[in-house]
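J.:
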Amino acid sequence: MANQDILVEVQHLKQYFPVAGSSIFKKAYVKAVDDVSFAIPRGTTLGLVGESGCGKTTTGRTLLQLYEPTAGRIIYDGETIFDSGLDGKKVKANMLPYRRKMQIVFQDPYASLNPRMTVGDIVGEAIDIHHLAASREDRRDKIIKMLERVGLNSEHANRYPHEFSGGQRQRVGIARALAVDPEFIVCDEPISALDVSIQAQVINMLEDLQHEFGLTYLFIAHDLSVVKHISSRIGVMYLGKMVEMADSNEITFHCCHPYTKSLISAIPIADPKISRASKRIVLEGDIPSPVNPPSGCHFRTRCPYATPLCAEKEPEWKEVSPGHFCACHHLDQVK
Amino acid sequence: MSEHLVDIRNLHLSFFTPAGEVKALNDVSLFLDEGEVLGVVGESGSGKSVTASAIMGITADPGRIVSGKVIFNGHDIGSLDEKELRKIRGKEVSMIFQDPMTSLNPVYTVGNQIEEAILLHTDKNKQEARERAVELLRLVGINEPEKRIKQYPHELSGGMRQRVMIAIALACEPKLLIADEPTTALDVTIQAQILELIMELKHKLGMAVILITHDLGIVSSMCDRIAVMYAGKVIECGTTDDIFYNTKHEYTKGLLRSVPNLYEEESTRLVAIEGTPVDMLNPPAGCPFAPRCPQCMKICLKEMPPYHEFSDIHYSACWLTQKAEFEEAGKGEE
Amino acid sequence: MKRFPLSFQLKAEDFLPASDAEKQELVVMRESVGFWKDSLRRLVRNKVAMVSLVVIVIIMFFSFIVPSFYPYSYEQQQKGAENMRPMTYSQEEQARIDAGEKVFPHFLGTDKLGRDYAVRIMVGSRISLTVGLIAAAIILFIGALYGSIAAFFGGWVDIIMMRIVDIIYTIPDVLLIVLISFAIRRPLEQLSEQPAFHWIHTVGPNLVSIFIVFALLYWVGMARIVRSQVLVLRESEYVTAARALGAGNGRIVRKHLLTNCIGTLIVTTTLQIPSSIFTESYLSFLGLGVAAPLPSLGSLASSAINGMNTYPYLLVAPAVLISLIILSFNLFGDGLRDAFDPKMKK
């Protein structure tokens, strides 16, 4: 992996949010992202899966510096854009030039488009901010080019978001992200709010755009089969921590963390013969609150293999096989 | 036909909005037998939730049943008044919803809300109702029910709330449980728990279940029969195996093709259904799926396809079936 | 077995594949409707709001335009025409009519100083409306600015600014008006000596102090509404999207926050007008309003109280007018809210 061209790298990223209503003197924190590291080679897709509250969305947004990280280092294309540093000296790059390279597509196509702006202006906003158009005509042409790229047309430019269906709105959201010609896009659950028949359209389009422009994606979703489909590498998160990371086939067929195993087994399979035959591993209990996560291994409260060791010590991030990392005390038993 | 538990016959239901009439249900016929699990699959606006509400006798304003009948357990739902409907709801049929937070009242404890359902439909006294509530909570897999019964909905997690909703729904051991997207708001591992619970309770209590969802994965393992809805019509209905392995309608085929398969080594490109869902305010004259159908023919744009029965329970509405028959007949003549 | 026997004959060409163009014809997008056009359409459809609007326009016409060509002025006293009933004429006027002259009738009679009551009512409602409109403008300006600054910067700025708002809420307004009007009477009188500030003399120090109090106290409600609106909008995903595109604060305020607030601002301001009119009226009723001889609806009602039993119409006319103005502004404001609120969209 060392010789690959890494576009985005995150080292020991931490993002803590103060809990509203906690005392000023002894502030409680939600450890939304707690010591997460990964690297994404140029032109590939890293998938992040996990359930609500696992910090996958926060990871994506912190990476884009939409929140200032609590600690850690973010490297983009060889340049450090954020570093909390060991001696407490923070390094923060001016983000404006990077906003043209790193973009984001949101989950909810209803909330992520300003209802008072026309679709043309929504897509054109990036062009205005970065002064990418020489004239009004140039701006118009660029907007139409972007809309056509995502399967919409010039007729749509003067309409408002509420006139579109969910899938079309998501296309507008993607066109907005593409308007600055980015290299890297964080796809934050881009299909989970869409109808089943539309999801495949958007996935295909994202794949086509990746091939055409050599884009790099961080693809965040809770649906492992979708993430598996689009990603070359997958990271599984649980309560702010990365629990397993490997190439997507390795994760699907040879996962070793008990959480990943149950996650895979919980996915409903659209094939009655397989789904009737397979026995689900149904996890007991609920996801603990991220404000007050369990000690040691966060997963131990729901883990069928948990021992007293899991409560005492946080499991190490080990390389199980080349490129396959996992954090669990009982790897030998899980298999 | 009257021995079915639920029998919906040619139901037409419209919403009369200021912008015009929206035909939410357009000639829907469905039946359900006792102890059976029926999956209703469709995307938003396909009419799956409206169908379920119609069984409960609920049609939100400005909706109205235009024609057709809903017969549940021998009652003609359309002819009952509100008082008679209330007797049926909760006692013979109950419903759980997608968002358990909005369907629970935040100012009452969980115990209050279960007890209320029990007191409403049985002649149990308060003490007995309380005991029954604890018993129900234990039944839906909530540990320490004596403690939970005193808690308020916001103190519970999403999965726990959905369990409470199920407990309320089961308070009077209904003959039919309608689950309207019961797991859409929940995480995958919690979804597995809830689905498992519904199946377990179904076996224990012998009730019939209507499971409304957009997820083909969920219906594949749980349902005996599946009805696929599109734009207010049941476009295909049959046993689970019929729907998955003997698919007749192009929309159903498209749905099955568009889901990514977790267990394939090499990712193959998904086959998407092109186009956008129908605008229910001005639906096309012919088959509602025609504008998105890869096999669309001239007639599909003009005429609604008739139902064709492949077996007693498997039927679909697609012109392609008619075409095959037409060609068959043509060959015979030659 | 067919469920529905076919009622028409099928032909082989029916089963030919349809072209993409034919399929596309079925997909028609509805006519594009912009935000303003859409809201306006909903407003026009709202009968109650439209009737209220018509009432407001008529009242405005009578109070701002009619008095300028009305044959009587509000301060003109006519000897011998005191305390007349509606549509009656004084002896002098009767004599002129007998002489063949045309005399403009006193529709609402005259007051005890012989002033035409109809024109006084019109000028009085002009004063009331002006106070309402100016006060609403002041409140809109200060409240919106204050609220959006607090919400946009958040954190300590927000906490301190909102505590100030809480404190202002506790100050009793009538007391402050009395205090301020006493405090500024002397300086204002000196100021009104100068030719440019002669108007102060006409409106009186009380009215000036009412405006000052509006500016000091009454914007807090608006500030709270705007703040909560901006707080919600600030967290919306499209604002996050704009940040991700590199948009600065100025751009976010102009393009995203302001445009989405504007509906709320219009509605709140419209609903502010009647409440300001109401405040002015009751202050004038208590004798804290405009200076004589300038009338306002409140002071007219106040002076009519004494002769309530003999001349009830002197009280009824301004009272009805106040109610009518406040009611129609409130109903119109409600109509605006329905029109601008996308959640009510059908």
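Chains as they are written, first to last, in my numbering: chain A, 1 to 335; chain B, 1001 to 1334; chain C, 2001 to 2346.
The beta carbon of each residue, even a glycine, is placed where N, CA and C say it ideally should be.
Just so you know, these numbers come straight off a predicted model, no measurement behind them.
Output the distance between the C-alpha atoms of Lys279 (chain A) and Asp83 (chain A), rounded to the nearest integer angstrom.
T.: Spanning the two alpha carbons is a distance of roughly 46 angstroms.
J.: From A:Lys56, A:Phe106, A:Lys89, A:Asp34, pick the residue whose C-alpha is nearest to that of Leu2245 (chain C); which is it?
T.: Ranking the options by Cα distance to Leu2245 (chain C), first place goes to A:Phe106.
J.: Does the CB of Ser321 (chain A) have a neighbour CB from chain B at under 7 angstroms?
T.: Ser321 (chain A) does not count as touching chain B.
J.: Look up Ile1008 (chain B) in the DSSP assignment and give the residues it is bridged to.
T.: Ile1008 (chain B) pairs with B:Leu1030, B:Val1070.
J.: Which runs of the beta strand (DSSP E) fall wholly inside the region 57-117 of chain A and span at least 3 residues, in chain order?
T.: The region 57-117 of chain A contains these whole beta strand (DSSP E) runs: 71-76, 79-83, 102-105.
J.: State the DSSP-derived secondary structure class of Arg1161 (chain B), mapped to helix, strand or coil.
T.: Reduced to three states, the DSSP call for Arg1161 (chain B) is helix.
J.: Apply the 10 Å Cβ neighbour rule to His12 (chain A) and answer buried if 16 or more other Cβ atoms are within range, or exposed otherwise.
T.: With fewer than 16 Cβ atoms within 10 Å of its Cβ, His12 (chain A) is classed as exposed.
J.: Hey, Gln2077 (chain C) and Arg2115 (chain C): beta-carbon distance below 7 angstroms or not?
T.: Taking 7 angstroms as the Cβ cut-off, Gln2077 (chain C) and Arg2115 (chain C) qualify as a contacting pair.
J.: Taking buried to mean at least 16 other C-beta atoms within 10 Å of its own C-beta, is Phe2332 (chain C) buried or exposed?
T.: Looking at its Cβ environment, which holds 16 or more other Cβ atoms inside 10 Å, Phe2332 (chain C) is buried.
J.: Alpha carbons only, please: which of A:Pro109, A:Glu79, A:Gly285, A:Leu63 is nearest the one belonging to His162 (chain A)?
T.: Checked all of A:Pro109, A:Glu79, A:Gly285, A:Leu63; the closest Cα to His162 (chain A) is A:Pro109.
J.: How would you write the range of the alpha helix (DSSP H) that Ala2095 (chain C) sits in, first residue to last?
T.: Its alpha helix (DSSP H) spans residues 2091-2098.
J.: For Asp2166 (chain C), which three-state DSSP category applies?
T.: The answer is helix: DSSP assigns Asp2166 (chain C) an H, G or I state.
J.: Helix, strand or coil: which one does DSSP assign to Ala193 (chain A)?
T.: It is coil, neither helix nor strand.
J.: Can we say the region 1146-1156 of chain B touches the region 1105-1114 of chain B, given the rule of at least three CB pairs closer than 8 angstroms?
T.: Short answer: they touch.
J.: Quick check for students: name the residue ranges of the beta strand (DSSP E) that lie wholly in the region 147-229 of chain A, counting only runs of 3 or more.
T.: As far as the region 147-229 of chain A is concerned, its whole beta strand (DSSP E) runs of at least 3 residues are 184-188, 216-221.
J.: Nearest by alpha-carbon distance to Gly2109 (chain C): which of C:Asn2260, C:Ile2134, C:Asn2083 is it?
T.: It is C:Asn2083 whose Cα lies nearest to the Cα of Gly2109 (chain C).
J.: For a test of the three-state rule: what should DSSP assign to Thr2269 (chain C), helix, strand or coil?
T.: Here Thr2269 (chain C) sits in helix by DSSP.
J.: Taking only beta carbons into account, state which residues of the region 2224-2240 of chain C come closer than 9 angstroms to chain A, listed in chain order.
T.: If the cut-off is 9 angstroms between Cβ atoms, the region 2224-2240 of chain C has Ser2236, Glu2237, Tyr2238, Val2239, Thr2240 near chain A.
J.: Please classify Trp2199 (chain C) as buried or exposed, where buried requires at least 16 neighbouring CB atoms within 10 angstroms.
T.: With fewer than 16 Cβ atoms within 10 Å of its Cβ, Trp2199 (chain C) is classed as exposed.
J.: At which residues does the alpha helix (DSSP H) containing Leu1136 (chain B) begin and terminate?
T.: Looking at the DSSP string, the run of the alpha helix (DSSP H) that includes Leu1136 (chain B) is 1126-1139.
J.: With 16 as the cutoff for other CB atoms within 10 Å, does His254 (chain A) come out buried or exposed?
T.: So His254 (chain A) ends up on the exposed side.
J.: Exposed or buried, what is Arg1257 (chain B) when buried is set at 16 or more other beta-carbons lying within 10 Å of its beta-carbon?
T.: Exposed, by the Cβ-count rule.
J.: Looking only at C-alpha atoms, which of A:Asp286, A:Ser231, A:Ala270 sits nearest to Asp1266 (chain B)?
T.: Checking the displayed sequence, the identity of residue 1266 (chain B) turns out to be Glu instead of Asp. Closest by alpha carbon: A:Ser231.
J.: Does Met2344 (chain C) get closer than 7 angstroms to chain B when you measure Cβ to Cβ?
T.: Only weak support exists for where Met2344 (chain C) lies, its pLDDT of 43 falling under 50; the value from the coordinates is given anyway. Judged by the 7 angstroms Cβ criterion, Met2344 (chain C) is not in contact with chain B.
J.: Which residue wins for smallest C-alpha separation from Ile2164 (chain C), given the options C:Val2208, C:Leu2217, C:Ala2118?
T.: The shortest Cα separation from Ile2164 (chain C) among C:Val2208, C:Leu2217, C:Ala2118 belongs to C:Leu2217.
J.: Run through the DSSP bridge pairs and tell me what Ala1227 (chain B) is partnered with.
T.: B:Val1040, B:Cys1237.
J.: What three-state label does DSSP hand Ser289 (chain A) in the structure shown?
T.: Coil.
J.: Does the beta carbon of Asn1010 (chain B) come closer than 7 angstroms to any beta carbon on chain C?
T.: Not an interface residue.
J.: Pull up the DSSP beta-bridge partners for Asp247 (chain A), would you.
T.: Note: Asp247 (chain A) sits in a beta bridge opposite A:Arg233.
J.: Name the chain C residues whose beta carbon is nearer than 8 angstroms to that of Met1297 (chain B)?
T.: The answer, in chain order, is Asp2014, Phe2015, Leu2016, Pro2017, Ala2018.
J.: How would you label Val2157 (chain C), buried or exposed, when you count the other beta carbons within 10 angstroms and need 16 or more for buried?
T.: It counts as exposed.
J.: Please return the same chain residues whose Cβ sits closer than 6 angstroms to the Cβ of Gly1057 (chain B), not counting the five positions on each side in sequence.
T.: Ile1077, Leu1085.
J.: Mind listing, in chain order, the continuous alpha helix (DSSP H) runs of no fewer than 4 residues lying wholly within the region 1049-1105 of chain B?
T.: If we require 4 residues or more, the alpha helix (DSSP H) runs fully inside the region 1049-1105 of chain B come out as 1082-1088, 1100-1103.
J.: Is the Cβ of Asn94 (chain A) closer than 7 angstroms to any Cβ of chain C?
T.: So no, Asn94 (chain A) is outside the interface.
J.: Do we get a CB-CB distance below 7 angstroms when we pair Phe106 (chain A) with the residues of chain C?
T.: Judged by the 7 angstroms Cβ criterion, Phe106 (chain A) is in contact with chain C.
J.: Take every Cβ of the region 2181-2189 of chain C, pair it with every Cβ of the region 2227-2238 of chain C, and state whether three or more of those distances are shorter than 8 angstroms.
T.: Judged by Cβ distances under 8 angstroms, the region 2181-2189 of chain C makes no contact with the region 2227-2238 of chain C, as fewer than three pairs qualify.
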